[in-house]
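For reference, the structure is listed below as structure tokens.
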Amino acid sequence: MAKSETDVDTARPWQSYHTVYTNAKAGMDGVDKEKVQRIVYQMSKGSSYFKNEERKEADIREKIDNMRARLAKLTAADLSHYQMVADKRISELEATRDLSRIWLHVDMDAFYAAVETLSNPSLKGKPMAVGSLSMLSTANYEARKFGVRAAMPGFIARKLCPKLIIVPTDFKKYNHYGDLTRKVFQKYDPNFLAASLDEAYLDTTEVCKERSITGEEIAEEIRACVYEETSLTCSAGVAPNRLLAKVCSDINKPNGQFVLPNNLLAVMTFISSLPVRKIGGIGKVTEHVLRDAFGINTCEEMLQKASYICALFSHSTADFFLSVGLGLGRTDTPEVRLRKSISNERTFSATSDEMFLYHKLEDLAEMLSTDMQKEGLCGRTLTLKLKTASFEVRNRAVTLPKYICSTEDILKHASKLLKAELPVSLRLIGLRVSHFNEDRKGAPLDSTQKTLINFIVSGDASRKVMDNHSDPCVKNDDETSLSIGTHETCSFNDRDTLNCSLSLKLDDSNFTFSNDAGQMEKFQKTVNENVDETKSEVTQLLGADFSPPVEGNCLERMKSEIKLLEGEAASSNQREPFLWVNDYKCSICGIELPPNFVDERQEHSDFHLAQKLQEEESGTELRTSTPRPRVVQKDPIASQGKRKKQKLSPKEGKHIPIDQFFTRSNQNF
DNA sequence: GGGGATTCCCCGT
DNA sequence: TTCCAACGGGGAATCCCC
Numbered sequence: 017m018a019k020s021e022t023d024v025d026t027a028r029p030w031q032s033y034h035t036v037y038t039n040a041k042a043g044m045d046g047v048d049k050e051k052v053q054r055i056v057y058q059m060s061k062g063s064s065y066f067k068n069e070e071r072k073e074a075d076i077r078e079k080i081d082n083m084r085a086r087l088a089k090l091t092a093a094d095l096s097h098y099q100m101v102a103d104k105r106i107s108e109l110e111a112t113r114d115l116s117r118i119w120l121h122v123d124m125d126a127f128y129a130a131v132e133t134l135s136n137p138s139l140k141g142k143p144m145a146v147g148s149l150s151m152l153s154t155a156n157y158e159a160r161k162f163g164v165r166a167a168m169p170g171f172i173a174r175k176l177c178p179k180l181i182i183v184p185t186d187f188k189k190y191n192h193y194g195d196l197t198r199k200v201f202q203k204y205d206p207n208f209l210a211a212s213l214d215e216a217y218l219d220t221t222e223v224c225k226e227r228s229i230t231g232e233e234i235a236e237e238i239r240a241c242v243y244e245e246t247s248l249t250c251s252a253g254v255a256p257n258r259l260l261a262k263v264c265s266d267i268n269k270p271n272g273q274f275v276l277p278n279n280l281l282a283v284m285t286f287i288s289s290l291p292v293r294k295i296g297g298i299g300k301v302t303e304h305v306l307r308d309a310f311g312i313n314t315c316e317e318m319l320q321k322a323s324y325i326c327a328l329f330s331h332s333t334a335d336f337f338l339s340v341g342l343g344l345g346r347t348d349t350p351e352v353r354l355r356k357s358i359s360n361e362r363t364f365s366a367t368s369d370e371m372f373l374y375h376k377l378e379d380l381a382e383m384l385s386t387d388m389q390k391e392g393l394c395g396r397t398l399t400l401k402l403k404t405a406s407f408e409v410r411n412r413a414v415t416l417p418k419y420i421c422s423t424e425d426i427l428k429h430a431s432k433l434l435k436a437e438l439p440v441s442l443r444l445i446g447l448r449v450s451h452f453n454e455d456r457k458g459a460p461l462d463s464t465q466k467t468l469i470n471f472i473v474s475g476d477a478s479r480k481v482m483d484n485h486s487d488p489c490v491k492n493d494d495e496t497s498l499s500i501g502t503h504e505t506c507s508f509n510d511r512d513t514l515n516c517s518l519s520l521k522l523d524d525s526n527f528t529f530s531n532d533a534g535q536m537e538k539f540q541k542t543v544n545e546n547v548d549e550t551k552s553e554v555t556q557l558l559g560a561d562f563s564p565p566v567e568g569n570c571l572e573r574m575k576s577e578i579k580l581l582e583g584e585a586a587s588s589n590q591r592e593p594f595l596w597v598n599d600y601k602c603s604i605c606g607i608e609l610p611p612n613f614v615d616e617r618q619e620h621s622d623f624h625l626a627q628k629l630q631e632e633e634s635g636t637e638l639r640t641s642t643p644r645p646r647v648v649q650k651d652p653i654a655s656q657g658k659r660k661k662q663k664l665s666p667k668e669g670k671h672i673p674i675d676q677f678f679t680r681s682n683q684n685f
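First residue of the first sequence: 17, per the working numbering; consecutive thereafter.
Structure below.
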């Protein structure tokens, strides 16, 4: 009797550890897959990475179980219905089939490794990979014989192949050779599509027609030409569409080619036994789902199980799977595609040191801003990517009313997103900007963007005074009209703090406001209007008994604050709140903030100032506790657990407790 | 209900 | 000795506002 799957799992636990490393890849025939899998398992077992992989595996299994349960519930009538839907869709897709084009997919062989060998011939014939001990970008064919491959950590690769030479990446070199190959492609198809540095799709239909040559001949010619120009080999696939051409280029790798004739029988025969995993877009997870939930292993089986596919997947996903079953792919010449986003990310040793994390964020913001300005991009959605010490990936995004590209703007908003996650131990931080402006000339679309002082003086009534983020150094007032602004205010969960935020609002123009009497008068009018507006908003929020303690002579308050900040009261003790010991430690409460974290330090100073003003006004010590700097001390409720949006259940009714409001707002940053 | 925003997931090099 | 990347595109689920 055959051993059960569980028995096998117990005896060889590595067999259930699904990595991509044992997937069939060019040059990996004859590799002892079991040995590779065992070593990868042994090297990984017990690590945070491994635990996270197990968690992901469990999620996929759950997803598969759900799908199987849904499939089991389908009645005969349902299946008959979905079969009709599938049949209709299949004939519609079939009607789009175009066998007239001759597409070529060219793929350089172990590109980075080949380039490195070219510049250092002593590497020839030796197992070698490009990358680092953390991660390999590619491996040459000698290394692949040991099971070493791209996307494998170097330290595992070394275990598989102790003599492996690891060469660091050098994109300058790869770009140079990439350019040379592209010059060749250009000659055959001026509109060729570069899929990456080392891959391209060419529509050779016209050139074949003009010269009365076949796809096979043109592929040979192009490969020879690439070799002549670069001394590097490449492989090619020729087929009636790009999807198939890509599959074909992998068949006779390295330094080979495969031609799929432009006729229906050839295509359908080719596709009939093709494993789904060979199709671009079907990766480890989708392969797993198709196999375990639907029993689909080959492309042909997509058509056999078409009714199930239509029953469980969305239209677009079902269309994709059915197209794969028919061997259909794109045959049109792709239009110029504009970049959709720009990002950067860095991995480091896991840490919860907030100073370190903010510094990293600052570096990333600066790099991203530089990259954006090089390309003349401005975007309005900023996404912060985090990877925790346990490899959990989180994305937090904010969409702004204005386009940004400066380091200051990126850092300002990224900091807010990061703050909402603290405390946390991270091993990666990334920033991404998307939703670009359409002109893409570098300048923000809104050229009328006001400085803070202009804004206040002009008395823009739309401004939300609830915003407690006063930042005289940054000339962007965008967050004020953003929900995020009000949410952030509500991250404070007591009324004292709300009062404080109102006081702080009055600090907005401290640094830039002139002493001109007319301006002062105008300013006070605006401030008073804003206070009234805010008072009404806050009253609505907290109830009629709320009375902010900031009424009174705002002009006098402003004057005294300006004096304080300009140093006119330098001799008095009033300057004390603005002293930062060693540029990062507050002398009042001892809180530490990175020196370059200007916004937060300013905000913190403002806090002490507001506290002092309140004390002066009431004549009593309102608070004896230390302030609640948002950077370090966070609402423990808001920062704990998952940040998934929480929908209130009907049971919870329409009345949202005020605490809940504050907590939730912070979470939904 | 439609559409934008947010988050997560999947995939590729 | 070392201990799992850096991007970028796109789909889908969910939530929220209009």
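Even glycine gets a Cβ: it sits at the ideal position worked out from N, Cα and C. Quick caveat: nothing in here was measured; it's all calculated off a predicted structure.
| field | Environment of Glu698 [buried if 16+ CB atoms lie within 10 Å] | value | The requested residue 698 is not part of the displayed model; the chain covers only 17 to 685.
| Exposed unless 16 or more other CB atoms sit within 10 angstroms - verdict on Pro169 | The sequence position of residue 169 within the first sequence is 153, counting from 1. Under this definition Pro169 is a buried residue.
| task | Tell me whether Glu316 is buried or exposed, calling it buried when 16 or more other Cβ atoms sit within 10 Å of its Cβ. | result | For the purposes of this step, residue 316 is taken as residue 300 along the first sequence, with counting starting at 1. Buried, by the Cβ-count rule.
| request: Would you please state the rounded distance, in angstroms, between the beta carbons of Ala430 and Leu442? I believe it to be under 8 Å. | output: On the first sequence, position 414 is the one that residue 430 refers to. On the first sequence, position 426 is the one that residue 442 refers to. About 13 Å separates the two Cβ atoms, so there is no contact after all.
| query | Are there 16 or more other CB atoms within 10 angstroms of the CB of Asn612, so buried, or fewer, so exposed? | reply | Within the first sequence, the letter at position 596 stands for residue 612. Residue placement at Asn612 cannot be trusted, given a pLDDT of 49 that sits under 50; what the coordinates show is reported in the next sentence. When all chains shown are included, Asn612 counts as exposed.
| request: Pull up the DSSP beta-bridge partners for Met124, would you. | output: Along the first sequence, read from residue 1 onward, the residue named residue 124 stands at position 108. Met124 is bridged to Cys250.
| The alpha helix (DSSP H) with Gln161 in it runs from where to where? | Locating residue 161 in the first sequence gives position 145, where the first residue counts as 1. Note that residue 161 is Lys in the sequence shown here, rather than Gln. No alpha helix (DSSP H) holds Lys161; DSSP gives it neither H nor E.
| Ends of the beta strand (DSSP E) at Phe274? | For the purposes of this step, residue 274 is identified with residue 258 of the first sequence, where counting begins at 1. Here the beta strand (DSSP E) through Phe274 covers 273-275.
| As assigned by DSSP and simplified to three states, the class of Val449 | Numbered from 1 along the first sequence, position 433 holds the residue referred to as residue 449. Strand at Val449.
| request: Pull up the distance between the alpha-carbon of Phe399 and that of Phe336, whole angstroms please. | output: Here the question's residue 399 lines up with position 383 in the first sequence. Here the question's residue 336 lines up with position 320 in the first sequence. Residue identity check: residue 399 is Thr in the sequence provided, not Phe. About 29 Å.
| said: Looking at the secondary structure, which residues open and close the alpha helix (DSSP H) in which Gly341 lies? | reply: Residue 341 sits at position 325 when you count from the first residue of the first sequence. Element bounds for Gly341: 331-342.
| query | According to the neighbour-count rule (16 or more other Cβ atoms, all chains shown, within 10 Å of its Cβ), is Gly299 buried or exposed? | reply | The residue you call residue 299 lines up with position 283 of the first sequence. Exposed, since its Cβ has fewer than 16 Cβ neighbours within 10 Å.
| CB-CB under 7 Å to Glu110, same chain, minus the five flanking residues each way: which ones, in chain order? | Stepping through the first sequence from its first residue, residue 110 is reached at position 94. Same-chain partners within the cutoff: Leu342.
| request: Measuring alpha carbon to alpha carbon, tell me which of Asp94, Thr112, Ile76, Lys89 ends up nearest Ala346. | output: Within the first sequence, residue 346 is the residue found at index 330, counting from 1. Note that residue 346 is Arg in the sequence shown here, rather than Ala. The shortest C-alpha separation from Arg346 is found at Thr112.
| query | Along the chain, where does the alpha helix (DSSP H) that runs through Val200 open and close? | reply | For this step, residue 200 is matched to residue 184 along the first sequence. Segment 187-204, the alpha helix (DSSP H) holding Val200.
| Arg396 beta carbon less than 7 Å from that of Asp451 | Indexing the first sequence from 1 puts residue 451 at position 435. Indexing the first sequence from 1 puts residue 396 at position 380. Going by the sequence as given, residue 451 is His instead of Asp. Against a cut-off of 7 Å, the Cβ pair of Arg396 and His451 comes out as a contact.
| In this structure, does DSSP put Thr423 in helix, strand or coil? | Against the first sequence, residue 423 aligns to sequence position 407. It is helical.
| request: Look at the alpha carbon of Asp81 and the alpha carbon of Met318, and state the distance between them as a whole number of angstroms. | output: Numbered from 1 along the first sequence, position 65 holds the residue referred to as residue 81. Numbered from 1 along the first sequence, position 302 holds the residue referred to as residue 318. When rounded, the distance between both Cα atoms is 19 Å.
| field | Bridge-paired residues (DSSP) for Lys403 | value | Here residue 403 corresponds to residue number 387 of the first sequence, with the count starting at 1. When DSSP reads this structure, Lys403 sits in a beta bridge with Val409, Leu444.
| task | With DSSP as the reference, label Arg346 as helix, strand or coil. | result | Counting from 1 along the first sequence, the entry for residue 346 is found at position 330. Coil at Arg346, not helix or strand.
| Cut-off 6 Å between Cβ atoms - residues of its own chain near Ser258, not counting five sequence neighbours on either side | Taking the first residue of the first sequence as 1, we reach residue 258 at position 242. For the sequence presented, residue 258 should be read as Arg rather than Ser. So the list reads Trp119, Tyr217, Gly345, Arg346, once near-sequence residues are dropped.
| said: Here's the rule: buried if 16 or more other CB atoms are within 10 angstroms of the residue's CB, otherwise exposed. What is Ser289? | reply: Locating residue 289 in the first sequence gives position 273, where the first residue counts as 1. Exposed, by the Cβ-count rule.
| message | Per the DSSP calculation, Ser359 is bridged to which residue(s)? | response | To locate residue 359, count along the first sequence from 1; it is residue 343. Answer is Arg448.
| From Glu158, Met151, Asn136, residue whose alpha carbon lies closest to that of Asp125 | Here residue 125 is taken as the residue at index 109 of the first sequence, counted from 1. Of Glu158, Met151, Asn136, the residue nearest in Cα terms is Glu158.
| task | For my contact list, Val242 and Gln273 are in at a C-beta cut-off of 8 Å; report their separation, rounded to the angstrom. | result | Counting from one through the first sequence, the residue named residue 242 turns up at place 226. Counting from one through the first sequence, the residue named residue 273 turns up at place 257. Wrong, their Cβ atoms sit about 12 Å apart, outside the cutoff.
| query | Taking the runs of the alpha helix (DSSP H) that are 4 residues or longer, which of them lie wholly in the region 59-106? | reply | Counting whole runs of 4 or more residues, the region 59-106 contains the alpha helix (DSSP H) stretches 64-89.
| query | In chain order, which beta strand (DSSP E) runs of at least 3 residues are fully inside the region 255-296? | reply | 273-275
| query | Where do the ends of the alpha helix (DSSP H) carrying Asp379 lie? | reply | For the purposes of this step, residue 379 is taken as the residue at position 363 of the first sequence. 370-391 is the extent of the alpha helix (DSSP H) around Asp379.
| said: Taking its Cβ as the centre, do 16 or more other Cβ atoms sit within 10 Å of His121, making it buried, or is it exposed? | reply: For the purposes of this step, residue 121 is taken as the residue at position 105 of the first sequence. Classification of His121: buried, given that the 10 Å Cβ count is 16 or more.
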